[in-house]
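Residue numbers (the numbering used here): 2 to 394.
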């Protein structure tokens, strides 16, 4: 059994391309070309060079000594927060902008929740001199103001999504509408492992640099390429897809995906898709999503803008349904306390998204010999106001 995508664009029963007819040419053009483009030696050379000289890869694999002592296990942090722009998102936007150029696209659109993907997209568009429009929910614009300012400084237009919950789901809807209206010159850089095939696979491949590096970095530190656990937070799930990628079919390595339980799984204000979701179609793929009995999407909630999504990507839906990955749900309060703890034990202020992953040590026990890797997907600069307000700092 493989946990990777099949040649029809499915992870088990999840995935596919459920799209309006008007989007078919765009998606089909991408599907027919993305693997060929990624295999070109000139593409690989440019992609690797930009990751090294522009993004600053490889990102360190850091042994968190004081955190490890507190929880009596070996905890390593994969420091994606040290990338240019402060998160893992740049790995994917570098890859997709190079694909867009080779397809002759001159205009880039994107959606963003936490703003990190928006900043990463704005960054590569400035780098390559391409027009950039980012859609962002009105609520997220307010709670991620520093990232909005960064996007504008980089020359990007930020357009608010004013419908629905005015968060990530609605920003995605607006971006898809734009793409339908501008099919010829526009490439849509999706920021997570969601959307119609080939997006979940393409984004996972660009993010797979994370687990690729973990393998040789762990070999240097522990003389093994295999940790006992790889842990990552999951909204749409691109940082988790990248951290899990090279271990998907290696069942010696346990995978843990951490979702946002918001104010409690059953509080009505949550984003814990694995518990609350059922099969459905959102943004072009079949996956697990939170919905009412008649199929209307339930509004998600999380203090973390990047996990505030009513579904998960099809890879993660398959990992959950097959039992390959363990899913855990963490509340706002548990995540915020864990973020403060990492700050004070290791001198690293994490994004609130990552703080959800760090909170599992209060719920799950590991042995002294376990090697536990957490993908520290982003830094907490963007969330400073949230931390200040929450802890009255």
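Glycine is no exception: its CB is placed at the ideal position from the N, C-alpha and C atoms.
If you draw a straight line from the alpha carbon of residue i to that of residue j, how long is it in whole angstroms?
{"i": "residue 103", "j": "residue 39", "result": "10 Å"}
{"i": "residue 371", "j": "residue 97", "result": "36 Å"}
{"i": "residue 178", "j": "residue 136", "result": "11 Å"}
{"i": "residue 208", "j": "residue 152", "result": "22 Å"}
{"i": "residue 348", "j": "residue 67", "result": "10 Å"}
{"i": "residue 48", "j": "residue 95", "result": "7 Å"}
{"i": "residue 150", "j": "residue 190", "result": "20 Å"}
{"i": "residue 224", "j": "residue 218", "result": "9 Å"}
{"i": "residue 226", "j": "residue 243", "result": "16 Å"}
{"i": "residue 157", "j": "residue 176", "result": "14 Å"}
{"i": "residue 378", "j": "residue 63", "result": "13 Å"}
{"i": "residue 251", "j": "residue 216", "result": "12 Å"}
{"i": "residue 76", "j": "residue 29", "result": "42 Å"}
{"i": "residue 44", "j": "residue 234", "result": "30 Å"}
{"i": "residue 52", "j": "residue 238", "result": "21 Å"}
{"i": "residue 353", "j": "residue 338", "result": "10 Å"}
{"i": "residue 122", "j": "residue 56", "result": "13 Å"}
Evaluate residue i with the Cβ neighbour count: other Cβ atoms within 10 Å of its Cβ, from every protein chain shown; 16 or more gives buried, anything less gives exposed.
{"i": "residue 257", "result": "buried"}
{"i": "residue 197", "result": "buried"}
{"i": "residue 81", "result": "buried"}
{"i": "residue 221", "result": "exposed"}
{"i": "residue 42", "result": "exposed"}
{"i": "residue 325", "result": "buried"}
{"i": "residue 389", "result": "exposed"}
{"i": "residue 169", "result": "buried"}
{"i": "residue 25", "result": "exposed"}
{"i": "residue 392", "result": "exposed"}
{"i": "residue 341", "result": "buried"}
{"i": "residue 279", "result": "exposed"}
{"i": "residue 2", "result": "exposed"}
{"i": "residue 164", "result": "exposed"}
{"i": "residue 394", "result": "exposed"}
{"i": "residue 37", "result": "exposed"}
{"i": "residue 381", "result": "buried"}
{"i": "residue 146", "result": "exposed"}
{"i": "residue 9", "result": "exposed"}
Less than 8 Å separating the beta-carbons of residue i and residue j?
{"i": "residue 93", "j": "residue 117", "result": "no"}
{"i": "residue 144", "j": "residue 376", "result": "no"}
{"i": "residue 17", "j": "residue 6", "result": "no"}
{"i": "residue 272", "j": "residue 265", "result": "no"}
{"i": "residue 285", "j": "residue 91", "result": "no"}
{"i": "residue 4", "j": "residue 268", "result": "no"}
{"i": "residue 255", "j": "residue 229", "result": "yes"}
{"i": "residue 86", "j": "residue 124", "result": "yes"}
{"i": "residue 105", "j": "residue 111", "result": "no"}
{"i": "residue 303", "j": "residue 261", "result": "yes"}
Excluding the 5 residues preceding and the 5 following residue i in the sequence, name in chain order all residues of the same chain whose CB lies nearer than 6 Å to its CB.
{"i": "residue 236", "result": "307, 308 and 310"}
{"i": "residue 232", "result": "257, 358 and 375"}
{"i": "residue 202", "result": "6"}
{"i": "residue 12", "result": "6, 315, 316 and 319"}
{"i": "residue 298", "result": "292 and 311"}
{"i": "residue 161", "result": "139 and 142"}
{"i": "residue 27", "result": "184"}
{"i": "residue 132", "result": "108"}
{"i": "residue 210", "result": "92"}
{"i": "residue 65", "result": "76, 78 and 347"}
Could you check which residue in the options has the C-alpha nearest to that of residue i?
{"i": "residue 334", "options": "345, 50, 207 and 361", "result": "361"}
{"i": "residue 402", "options": "355, 14 and 57", "result": "Outside the shown range of the chain, which is 2 to 394, sits residue 402, and nothing can be said about it."}
{"i": "residue 1", "options": "146, 109, 113 and 119", "result": "With the chain covering only 2 through 394, there is no way to say anything about residue 1."}
{"i": "residue 141", "options": "336, 156 and 115", "result": "115"}
{"i": "residue 182", "options": "11, 100, 22 and 36", "result": "22"}
{"i": "residue 373", "options": "79, 32, 14 and 84", "result": "79"}
{"i": "residue 171", "options": "180, 300 and 185", "result": "300"}
{"i": "residue 289", "options": "313, 119, 270 and 193", "result": "313"}
{"i": "residue 54", "options": "380, 84 and 61", "result": "84"}
{"i": "residue 367", "options": "194, 71, 173 and 50", "result": "71"}
{"i": "residue 155", "options": "174, 126 and 164", "result": "126"}
{"i": "residue 383", "options": "10, 194 and 305", "result": "305"}
{"i": "residue 213", "options": "346, 246, 238 and 193", "result": "246"}
{"i": "residue 328", "options": "337, 364 and 345", "result": "364"}
{"i": "residue 61", "options": "50, 89, 46 and 51", "result": "89"}
{"i": "residue 32", "options": "338, 51, 321 and 188", "result": "188"}
{"i": "residue 180", "options": "50, 57 and 134", "result": "134"}
{"i": "residue 336", "options": "346, 321 and 259", "result": "259"}
Any heavy atom of the ligand GTP closer than 7 Å to the Cβ of residue i?
{"i": "residue 20", "result": "By its list of ligands, the structure shown contains no ligand whatsoever, and the ligand GTP lies outside what it can speak to."}
If you drop the 5 nearest sequence neighbours on each side, which residues of the same chain put their C-beta closer than 7 Å to that of residue i?
{"i": "residue 343", "result": "68, 349, 351 and 359"}
{"i": "residue 369", "result": "73 and 74"}
{"i": "residue 35", "result": "100, 199 and 203"}
{"i": "residue 249", "result": "4 and 5"}
{"i": "residue 276", "result": "266 and 330"}
{"i": "residue 282", "result": "19"}
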